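Here's the structure, in structure tokens; my notes come after.
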Amino acid sequence: MKLPEELQYMTYLKEWHIHGTRIPEIPTYIEAFVDLQVLDIPKNGLTKLPTEIGNLINLRELNVNYNKLLSIPPELGECENLERLEMTTNGNLAELPFEVQQDDPTPFKMFLCMKSFTKHTFLSVLFVFQLSNLKKLTHLDVAENQFASIPVCVLRMESLKCLDISNNRLKDLPEDIDRLESLEMLFLHKNNVRYVPMTVTNLIHLRMLVISADELYSIPSQLVDNPNIKLIRLYDNPINTDNEDMNEIDAEAQDERDKEFMKTYIETLQDRDTQPSYTTKVSLSCLL
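The opening position of the sequence shown corresponds to residue 310 in this note's numbering, with each subsequent residue numbered one higher.
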């Protein structure tokens, strides 16, 4: 299956919305669409993204949810105006590109891209940009994949406000998670998280923390006492805390928090399907 040939000549487009097709890849001619602001391509058969995606310097939103991606091209880091990146449910996606430190100066930047899938792990060195360059990114969704840790490059996304890395294979959080100074919402549920570092309390803008259905046994009591955090979802965890009030919340109060959680989380999920209107766009759905 392929996209219509006429599409390659419509370089004036600012939005692509391609849903529910069986296209295995995005054509390389996408590099000519330099005015593209929204690339919305969920629920297709994509196994990779073209390296030419790095030419989309005006791209603001990228949605590749529900595909079959095994890796993300480091060239995506050249899309420095990207504000929203959604990659949920890609099955075997396990890592994002990150920098390799070198002693010898080089005119290029060397990066390591680790792709882990099935029973094999492959390492490849690439002379390209990394996703840490996405300084304007505010929303990152990598839920329902195979991440064993929060990617290094994510910790350098200084404008990130919402991080959803739920339903992966996380066991612990990095000690330097407080580098995400702008973070407001952190979704970690359905992982194997056992420990929350004290540095999480340094996230002064944090408003929502969800770690339900994990293996959590310890959490800083300062989080529970923080009046700025509107919702902490810790149910279904074998958690221990010095704050006895956590064990005295009555059923009515718990129900209210559950309702608040569901309302806020559903609103977050609905945002995934939001399609902002710009000047021109193309929409293809179940046509190919």
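Beta carbons: idealized from backbone N, C-alpha and C, even for Gly.
Quick caveat: nothing in here was measured; it's all calculated off a predicted structure.
Among the options, which has the Cα closest to the Cα of residue i?
i: Leu-355; options: Leu-512, Leu-479, Asp-481, Glu-334; result: Glu-334
i: Arg-503; options: Ile-332, Leu-479, Glu-493; result: Leu-479
i: Gln-322; options: Val-461, Thr-337, Leu-348, Glu-314; result: According to the sequence displayed, residue 322 carries Leu and not Gln. Considering only alpha carbons, the answer is Leu-348.
i: His-498; options: Leu-394, Val-451, Leu-464; result: Val-451
i: Cys-471; options: Ala-341, Phe-496, Leu-525, Val-461; result: Phe-496
i: Glu-404; options: Lys-539, Pro-460, Met-319; result: Pro-460
i: Tyr-375; options: Asn-454, Asn-501, Leu-443; result: Asn-454
So for residue i, helix, strand or coil by DSSP?
i: Tyr-321; result: coil
i: Leu-391; result: coil
i: Glu-484; result: helix
i: Ser-380; result: coil
i: Glu-314; result: helix
i: Val-347; result: strand
i: Ser-527; result: strand
i: Glu-453; result: coil
i: Tyr-338; result: helix
i: Glu-370; result: strand
Look at the Cβ atom of residue i, then the Cβ atom of residue j, and state whether they are nearer than 8 Å.
i: His-326; j: Lys-590; result: yes
i: Gly-363; j: Glu-392; result: no
i: Pro-351; j: Val-373; result: yes
i: Arg-331; j: Gln-346; result: no
i: Thr-397; j: Glu-361; result: no
i: Leu-379; j: Asn-401; result: yes
i: Ile-520; j: Leu-489; result: no
Taking DSSP's pairing of strands, which residues face residue i in a bridge?
i: Ile-541; result: Leu-518
i: Met-494; result: Cys-471, Met-517
i: Lys-357; result: Glu-334
i: Tyr-504; result: Asp-481, Ser-527
Exposed or buried, which one is residue i when buried takes at least 16 other CB atoms within 10 Å?
i: Met-310; result: exposed
i: Ile-486; result: buried
i: Ser-586; result: At Ser-586, the pLDDT of 44 sits below 50, so the modelled position is not reliable; the number obtained from the coordinates is stated separately. By the neighbour-count rule (16 or more Cβ atoms within 10 Å), Ser-586 is not buried but exposed.
i: Gln-531; result: exposed
i: Val-343; result: exposed
i: Glu-314; result: exposed
i: Pro-536; result: exposed
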